[in-house]
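Let me begin by presenting the structure, written as structure tokens, before commenting on it.
Number of protein chains: 2
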Amino acid sequence: MPDNGPRLARRPVRADGRRNYDAILEVARETFAAEGTGASVEEVARRAGVAIGTLYGHFPTREALVEASLRDGLTALLEAGAHAADTLPPLPALVDWLHRAVEYCGTYRGAVTLLTRSVDDEQSYWHAGCAAMEQCAETLLRTAQAAGRVRADVEPRDVVDVISAAAWVRENSGPRTGPSRLLDLFLTGVTTA
Amino acid sequence: MPDNGPRLARRPVRADGRRNYDAILEVARETFAAEGTGASVEEVARRAGVAIGTLYGHFPTREALVEASLRDGLTALLEAGAHAADTLPPLPALVDWLHRAVEYCGTYRGAVTLLTRSVDDEQSYWHAGCAAMEQCAETLLRTAQAAGRVRADVEPRDVVDVISAAAWVRENSGPRTGPSRLLDLFLTGVTTA
DNA sequence: ACTCGAAACCGAGTCCGGTTCGACTTGAGT
DNA sequence: ACTCAAGTCGAACCGGACTCGGTTTCGAGT
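These protein sequences, in sequence, are chains A and B. At position 68 of the first sequence the residue is numbered 139 (the working numbering), and the sequence of numbers has no breaks. At position 53 of the second sequence the residue is numbered 124 (the working numbering), and the sequence of numbers has no breaks.
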């Protein structure tokens with residue numbers, strides 16, 4: 072039987088387990104939002120009123136915890152992509168989704184780095200999610216290309232790279248406001264009449 | 072007397088000091104090259120045949136050590152910029168230098184992140200170096216703009232962001248070869264006839 | 001209501017790496 | 001040779017990740 076990689080954290084069955092699981096996750100989201108994905112895991116446990124061992128019982132690594140904290144957002148992003156594809160013309164659909172994707176990757180400081188490393192790592196907690204994102208990007212890109220609105224030599228991988236690059240710049244470079252400048256510059260270089 | 076930020080590590084005066092300083096720096100370069108800037112500082116001390124305290128005597132923080140390891144490269148990059156400005160037409164000079172800058176930022180895994188954080192941090196060991204790089208970028212950019220080869224609305228800051236973004240993608244995204252694709256796409260979006 | 005096994009919980013303990021500090025050693029100027 | 005600042009040393013401290021074996025608690029089944 073092949074190793075399917077790490078199991079995603081599941082909401083546990085017992086009432087006390089579920090209570091703690093939820094509490095940890097909520098505190099984790101707050102903490103990551105405030106301090107980035109590098110925040111102390113012990114601190115999360117402490118604030119959630121739970122022993123460190125309990126936290127590790129639910130989320131075996133920091134990665135697992137971050138992944139769980141971001142799961143809902145990813146689902147929303149994929150839905151937004153599908154929705155844009157259904158309701159907008161090809162190029163606007165792509166552009167809209169790209170901006171959302173950049174924003175999503177910036178949910179917590181440090182998240183892009185984790186995400187990006189996982190794209191090619193089958194063992195990672197994120198791999199499936201990343202693959203889904205890549206798939207979404209590919210669909211939107213190919214549609215826009217078929218409509219003649221994006222240069223034909225652009226690859227899905229370029230799109231993924233631009234998303235992460237733009238998100239990374241946002242979180243590491245001085246404070247920027249509004250939509251990602253890097254993304255805009257990329258788009259002007261890549262779109263066609 | 073104002074705090075001028077951290078002092079850059081200087082080659083010490085005494086012979087034994089200089090010996091150790093040089094040994095540490097050489098080992099540090101090898102180690103960072105092999106394992107990235109996150110490598111264990113203790114490991115560096117061990118391999119250099121020096122006690123941990125000695126290392127800290129010369130380089131008070133990991134940042135100081137990384138900075139020292141990258142100093143020569145930065146000098147070379149700045150010289151290359153000046154040289155390109157003197158010997159090439161405006162746009163090629165900018166393009167050439169950008170590629171070099173991306174390569175430089177990729178000297179060690181993790182270096183871009185350190186560098187980028189320092190741009191706005193006056194306290195950082197790098198601040199002066201970053202400022203010099205930004206200055207170089209600005210000169211080349213403005214010249215290319217004056218020659219009508221780059222869109223007028225591009226700011227030096229955009230250039231710096233693109234350099235770090237491209238370098239970051241190279242080190243974090245799957246293995247890429249050849250010149251940075253991200254940089255190329257940016258340039259096609261930004262250059263004019 | 002009671003039993004009992006699995007599910008959860010707990011937190012001390014291990015490991016590891018960064019950084020500090022005060023005692024000791026040594027190079028080099030006089 | 002003498003002196004002392006420069007340099008060296010490494011034990012010790014700290015904080016955080018992660019483990020594990022003992023204990024408690026839930027809740028399904030009777």
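For each residue, glycine too, the CB sits at the ideal point set by N, CA and C.
>> Short of 8 Å Cβ to Cβ, which residues in the stretch 234-249 of chain A face chain B?
In response: Under the 8 Å Cβ criterion, the stretch 234-249 of chain A contributes SER235, ALA236, ALA237, TRP239, VAL240, ASN243, SER244, GLY245.
9 Å Cβ cut-off: residues of chain B touching A:VAL52: Residue 52 of chain A is absent from the structure shown; chain A starts at 72 and stops at 264.
TODO: Please classify A:THR263: does DSSP put it in a helix, a strand, or coil?
DONE: coil
Checklist entry - Rounded C-beta distance between A:THR263 and A:GLY200? I'm assuming under 8 Å. => result That belief does not hold up - the Cβ atoms of A:THR263 and A:GLY200 are roughly 31 Å apart, past 8 Å.
inquiry  = Below 8 Å on the Cβ atoms is my contact criterion, and I expect B:VAL233 with B:PHE257 to pass it. Report the Cβ-Cβ distance as a whole number of Å.
reply    = That belief holds up - the Cβ atoms of B:VAL233 and B:PHE257 are roughly 5 Å apart, short of 8 Å.
Query raised in the report: Would the beta-carbon of A:ARG78 fall within 8 Å of that of A:SER140?
Result: no
Checklist entry - If you count every other CB in all the chains shown that lies within 10 Å of the CB of B:GLU129, and 16 or more means buried, which is it? => result Correcting the residue type first, residue 129 of chain B is His in the shown sequence and not Glu. Its Cβ being crowded by 16 or more others within 10 Å, B:HIS129 is buried.
Practice item. Counting only the same chain and skipping the five closest in sequence on each side, list residues whose C-beta sits under 8 Å from that of A:ARG81. Key: none
**Prompt:** Just how far apart, CA to CA, sit A:GLU193 and A:ARG85?
**Reply:** 31 Å
>> Quick check on A:ALA217: buried or exposed, where buried means 16 or more other Cβ atoms within 10 Å of its Cβ?
In response: exposed
Where does the unbroken alpha helix (DSSP H) through B:SER140 begin, and where does it stop?
133-158
Note to self: Does chain A have any CB closer than 8 Å to the CB of B:THR102?
What the structure shows: no
- Query: Taking DSSP as the reference, what is the three-state secondary structure of B:VAL84?
  - Reply: coil
Report task. Just grab the DSSP bridge partners of B:VAL221 for me. Result -> B:THR262
Any C-beta of chain B within less than 7 Å: which residues of the stretch 158-178 of chain A qualify?
Those would be none; no residue qualifies.
Quiz item: Are the C-beta atoms of B:LEU212 and some chain A residue less than 8 Å apart?
Solution: no
Query raised in the report: For A:LEU186, does the three-state DSSP call read helix, strand or coil?
Result: Helix, per DSSP.
Can you grab the Cα-Cα spacing for the pair A:ARG213 / B:ALA153, in whole Å? 42 Å
Separation of B:LEU186 from B:VAL112, as counted between CA atoms:
The alpha-carbon of B:VAL112 is positioned some 19 Å away from that of B:LEU186.
* To do: Using a Cβ cut-off of 8 Å (strictly closer), state whether A:THR272 contacts chain B.
  => The question about residue 272 of chain A has no answer here: the residues shown for chain A are numbered 72 through 264.
Open item on the list: Just verifying my parser: in three-state terms, what is the DSSP assignment at B:ARG252?
Closed with: helix
**OP:** Quick one: grab the DSSP three-state call for A:ASP93.
**Re:** helix
Worksheet item: Mind checking B:MET72: buried by the 16 CB within 10 Å criterion, or exposed?
Response: With a pLDDT of only 41 at B:MET72, under the threshold of 50, the placement of this residue in the model should not be trusted, and no figure is reported.
Q) Does DSSP put B:TYR175 in a helix, in a strand, or in coil? A) helix
Check: Considering only C-alpha positions, which residue in the set A:LEU211, A:THR248, A:GLU226 is nearest to A:LEU159?
Finding: A:LEU211
Buried or exposed (CB count within 10 angstroms, at least 16 for buried), A:ASP229: When all chains shown are included, A:ASP229 counts as buried.
Pick from B:GLU174, B:ALA135, B:THR132 that is closest to B:GLY144, judged by C-alpha positions:
B:GLU174
| task | Could you tell me which of A:TRP197, A:VAL240, A:SER189, A:ALA223 sits nearest to B:ARG188, measuring between CA atoms? | result | A:VAL240
(message) Assuming contact is defined by CB atoms lying nearer than 8 Å, are A:VAL324 and A:ALA122 in contact in what I supplied?
(response) No information on residue 324 of chain A is available, as it lies outside the stretch 72 to 264 that chain A covers here.
Review point. By a C-beta neighbour count over all protein chains shown, 10 Å radius and 16 as the cutoff for buried, is A:ARG90 buried or exposed?
Key: exposed
C-beta neighbour in chain A for B:VAL121, strict 8 Å: no
inquiry  = I need the straight-line Cα distance from B:ASP74 to B:GLY109, nearest angstrom please.
reply    = Note that B:ASP74 scores a pLDDT of 49, beneath 50, so its modelled location is shaky; the value from the coordinates is reported in the next line. Linking B:ASP74 to B:GLY109 through their CA atoms gives a straight-line distance of about 28 Å.
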